[in-house]
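The next block holds one structure in the form of C-alpha cells; read it before the comments.
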Amino acid sequence: VSSAYKLLSLRDNLNPDIQRSEAHLFFLSLTYDLALVELERRYGSAEVVMQAHVQHLAAMQPFKSGDYQALFEMATMVRDVVTSAQSLNFQQEITHSTVVLQLATKMPLDLQREWGRTAYSLRPKTASLADFDKWIDGVIGAEESRGANFLIQNNKSSSAQPRQNQYNGPTMLYTNMEEVRKENVCQICRAD
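When the letters of the sequence shown are read in order and numbered with the working numbering, they come out as residues 33 to 224.
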C-alpha cells in the first residue's frame, strides 16, 4: 500500500476537528510515517490508535442474514484494524480473542456457525483477528461471486432506518472507487 493511500486512510480515521487542526499533515509531500509520528507526538501512541479501532469494532451493530452492506462494512473495519496493527507492529491487539468473539456475535447465526467451524479448525491456536480477516474476505468473495453488490444498500436490509453507529473510517477502496467514478464521467455526454 502506497504512502499516499496510508495517509488518506489515516486522515479519514481522525475526528473531523483533528482533521481540520492538523490539515497541514495530509499533503502528498508528507509521508504517512511522518504524519503518524506527528499525530502520535500530539495525540497519543500506537496503543491509542489501536484502542480506537477496537472501539469501532465493538460499536458495530449486529446485522441479519442477507444484509450484505453490513457484512461489507464489517470486513472493511476488520481489514483496517489488521492493516493498522501490522503497520504499527502492534500484534498483541489482533491476537486478542475477545475482540474476535465480540465480532462473531454481531453476525447472523449462519455466519457465526461458519466462523465457529473455521476457528475450531485452527485449534490449538486461538483464532486471531487476522484469521477472522482472512475468513471474512473469503465470505465476501463468495457473496460477490453469487452476485451480491456491496456498494449499493440491499433493499432487503435488516431495517428501513439508517444503520446506527455506521462506520466512517478509512475505507480506502470505497473512497477511491467513488473518486474514480466522478473523474471518469465524460463532460460532454455525461457517460462513464
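From the three backbone atoms N, C-alpha and C, an ideal C-beta is built for every residue, glycine too.
In this structure, Leu135 is the residue among Gln83, Arg74, Leu135 with its C-alpha nearest to the C-alpha of Met92. Contact check for Thr63 and Ser35: beta-carbon distance about 5 angstroms, within the 8 angstroms limit, so the pair qualifies.
Contact annotation: Val86 and Ser116 have beta-carbon atoms that are not nearer than 8 angstroms. Annotation: the stretch 131 to 156 contains the following complete segments of the alpha helix (DSSP H) (minimum length 4 residues), in chain order: 141 to 153. DSSP places Thr108 within a helical segment (H, G or I) once states are collapsed to three. Cα atoms of Ile172 and Thr108: separation of roughly 10 angstroms, rounded to the nearest angstrom. Straight-line measurement puts the Cα of Gly179 at about 27 angstroms from the Cα of Ala151. Looking at Val110, Pro140, Leu154, the one whose alpha-carbon comes closest to that of Ala162 is Val110. In the assembly as shown, Gln118 is an exposed residue. Its beta-carbon has fewer than 16 other beta-carbons within 10 Å. When the Cα atoms are used, Leu120 and Met106 turn out to be separated by approximately 21 angstroms.
C-alpha of Glu79 to C-alpha of Phe104: approximately 26 angstroms in a straight line. Leaving aside the five residues that flank Phe122 on each side, the residues in its chain whose CB is nearer than 6 angstroms to its CB run, in chain order, Ala78, Met82. Annotated as distal: Val113 and Leu133, with beta-carbon spacing of 8 angstroms or more.
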